[in-house]
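S.K.: Residue numbers (our numbering), protein chains in the order written: chain A, 136 to 397; chain B, 136 to 397. We put the beta carbon where it would ideally sit given N, CA and C, even for glycine. Just so we're clear, the structure is a prediction, and the values are computed from it rather than from any experiment.
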DNA sequence: CCAAAAGTGTTCCCACTACACCCATGT
DNA sequence: ACATGGGTGTAGTGGGAACACTTTTGG
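Structure representation (structure tokens):
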């Protein structure tokens, strides 16, 4: 939503166009400087951070809604989006009044109030999607209601609104579970990357160390990556070679669930 | 719902107590005679079969709703229930009129009609849960609206209402993916089972053959099962030994994702 | 010259694979 | 006796694990 008027329209007429009681929350993962990060935002009037999210139109396919929500908040060239869980157990149980207050503080920026019987004040389940993006190719389309955006290291997530903490944790677990079934490496890394980069990425996601030599051996033995003649300059150190994924072997390995050396 | 009056109340006042636009569907897996089966039901007035399902109360945690729905339709001692996907892309896109007609045929048994603007006629997303049960210890609590229940072999599923076909397929894929992370074997088998039983179960779920000797060797090497002195009589053949799971080793192996021999 | 990071090869052993014959039971 | 299904062991090998020194680069 780009203008105050958009927001007012949404609050007044949203119930005609969106499904109540259901939202979509997106955990956007990126990888930079050997750190796994997620994109968070902070609404006007709140100190706590939130996940990007939105609502489903009344006749819109669910996955289409997730893509639309992501597309309106960020401009991401090549997007991988995956549903991972639906949250409705509310470890963070908010009552109607609390929900109303949170929304009122958000929407105050547009000078519009949310009543206690407004649909946004009601209980809302949330479908969680995770997105994998190339950190460097993301640009953000600022939303009228959002005061700031930030990439946060996943091991230093600040205090979050609603049950977004729980959603991120589940997304991380899913990432770990699916590392050998989904093209997670290829989506988080740029087209050309170094061995230390992919090595650190796997260590970060799985939370355990891998022997560098065995790791490279396995990648090459499975034909997952190809070494390029180019090198990258990284300052006062030896220049690492660049690699690229071999799409065919990579996707075959994902289907078979081939596990890398540990 | 046990009586005509229950059904009438539900149709008239359900919107006050349940969340609209959202249902829960349960794929109940059981294992018997070396066949993986799911429990299906057929509503009065329909030739097609359906998954057991229901709606979420307005302030009821989602997983609690799933347990309640299962508990009212079946009496299952020891239940393992796991959310696996939320369906809202509608490969089976039904419009309002078609949805209304399906519900009208179901609810006709109670002599109550569903209007075109009734909440049950509207677009509904579905949260899929799969349950693992010990086939022999399930007893069914007949529902007023259901004409018959049946366990169907998963490789001979009949034509189903709504998008239930897709839901079962996704449940089976999930079962396959999670066989080494969730206690699927232990929940589908009775407390004591034979090696040929568990062997065939793994072959069925993963859809590929395992060498009998290597399979047993691996189970014992990981300490997953203990051989008991008892045997089972199986008619005109040699009596197989009974085994039981070693809970401690079994759960440790699941956490590590240990893979059995292929 | 030094500090920091990247590149690289070998050995050992365990665990997976492949494989076939005998035994128990009921008819 | 026979048909059916269950029980059981070994040998070979390939892949995973462990492990340390050299090279590059910039300051």
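Out of B:383, B:328, B:158, which has the shortest C-alpha to C-alpha gap to residue 260 of chain A?
M.R.: B:158
S.K.: What whole-angstrom Cβ distance do residue 263 of chain A and residue 160 of chain A have, given they're in contact under 8 Å?
M.R.: 5 Å
S.K.: Does the Cβ of residue 352 of chain B lie closer than 7 Å to at least one heavy atom of the ligand ADP?
M.R.: This structure lacks the ligand ADP, and indeed carries no ligand of any kind.
S.K.: In terms of alpha-carbon separation, which member of B:268, B:202, B:370, B:255 lies closest to residue 151 of chain B?
M.R.: B:255
S.K.: Which same chain residues end up closer than 7 Å to residue 156 of chain B when comparing Cβ atoms and leaving out the 5 residues on each side of it in sequence?
M.R.: 257, 258, 259, 260
S.K.: So residue 289 of chain B packs on residue 171 of chain B, CB below 8 Å; how close in whole Å?
M.R.: About 5 Å separates the two Cβ atoms, so the contact holds.
S.K.: Would you check if the distance between the CB atom of residue 357 of chain A and the CB atom of residue 388 of chain A is smaller than 8 Å?
M.R.: yes
S.K.: Short of 6 Å in beta carbon distance, which residues of its chain neighbour residue 175 of chain B, apart from the five on each side in sequence? Order them along the chain.
M.R.: Hits under 6 Å: 184, 285, 287.
S.K.: Which whole-angstrom value is the C-beta distance of residue 378 of chain A and residue 363 of chain A, which I expect to be below 8 Å?
M.R.: Contact between residue 378 of chain A and residue 363 of chain A is confirmed by a C-beta separation of about 6 Å, below the 8 Å threshold.
S.K.: Counting only the same chain and skipping the five closest in sequence on each side, list residues whose C-beta sits under 8 Å from that of residue 229 of chain A.
M.R.: 237, 297
S.K.: If you run the structure through DSSP and keep just helix, strand and coil, what is residue 320 of chain B?
M.R.: helix
S.K.: When you compare the CB of residue 221 of chain B with every CB in chain A, is at least one pair closer than 8 Å?
M.R.: yes
S.K.: Give the residues of chain B in contact with residue 372 of chain A, contact being defined as C-beta atoms less than 7 Å apart.
M.R.: Near residue 372 of chain A there are no residues of chain B at all, since even the closest Cβ is about 36 Å away, more than 7 Å.
S.K.: Thinking C-alpha only, which one of B:393, B:323, B:347 is nearest residue 167 of chain B?
M.R.: B:323
S.K.: Any beta carbon of chain B sitting closer than 8 Å to that of residue 197 of chain A?
M.R.: yes
S.K.: Using a C-beta to C-beta distance shorter than 9 Å, which residues of chain B count as neighbours of residue 188 of chain A?
M.R.: Chain B residues near residue 188 of chain A: none, gap ~15 Å exceeds 9 Å.
S.K.: Tell me the rounded alpha-carbon separation between residue 177 of chain B and residue 271 of chain A.
M.R.: 53 Å
S.K.: With DSSP collapsed to three states, give me the class of residue 285 of chain A.
M.R.: DSSP places residue 285 of chain A in strand when its eight states are reduced to three.
S.K.: Decide if residue 299 of chain B is buried, meaning its Cβ has at least 16 other Cβ atoms within 10 Å, or exposed.
M.R.: buried
S.K.: Looking only at DSSP bridge pairs, what is residue 162 of chain B linked to?
M.R.: In the DSSP assignment, residue 162 of chain B is bridged to B:265.
S.K.: Report the rounded CA-to-CA distance for residue 292 of chain A versus residue 162 of chain A, giving the unit in angstroms.
M.R.: 12 Å
S.K.: Please go through the same chain and pick out, in chain order, the residues whose beta-carbon is closer than 8 Å to the beta-carbon of residue 242 of chain A, but skip the five residues on each side of it.
M.R.: Shown here for residue 242 of chain A: same chain residues with a beta carbon closer than 8 Å to its own, the five before and five after excluded, namely 142, 146, 248, 249, 280 in chain order.
S.K.: State yes or no: is the C-beta of residue 302 of chain A within less than 8 Å of the C-beta of residue 209 of chain A?
M.R.: Cβ atoms of residue 302 of chain A and residue 209 of chain A: not closer than 8 Å.
S.K.: According to DSSP, is residue 145 of chain A part of a helix, a strand, or is it coil?
M.R.: helix
S.K.: Give me the residue from A:196, A:211, A:234 with the minimum Cα distance to residue 218 of chain A.
M.R.: A:196
S.K.: Quick one: give me the first and last residue of the beta strand (DSSP E) that residue 220 of chain A is part of.
M.R.: 215 to 222
S.K.: With a threshold of 8 Å on Cβ separation, who are the neighbours of residue 338 of chain A within its own chain once the five nearest residues in sequence on each side are excluded?
M.R.: 344, 345
S.K.: For a test of the three-state rule: what should DSSP assign to residue 155 of chain A, helix, strand or coil?
M.R.: strand
S.K.: Check this for me: beta carbons of residue 169 of chain A and residue 335 of chain A, under 8 Å apart or not?
M.R.: yes
S.K.: Thinking just about the alpha-carbon of each residue, which of B:179, B:390, B:304, B:154 is nearest to the one in residue 277 of chain B?
M.R.: B:179
S.K.: From A:164, A:383, A:359, pick the residue whose C-alpha is nearest to that of residue 205 of chain A; which is it?
M.R.: A:164
S.K.: Considering only DSSP beta bridges, list what residue 173 of chain B is partnered with.
M.R.: B:164, B:287
S.K.: Would you decide whether residue 333 of chain A is buried or exposed? Buried here means 16 or more other CB atoms lie within 10 Å of its CB.
M.R.: buried
S.K.: Between residue 299 of chain A and chain B, is any beta-carbon pair separated by less than 8 Å?
M.R.: no
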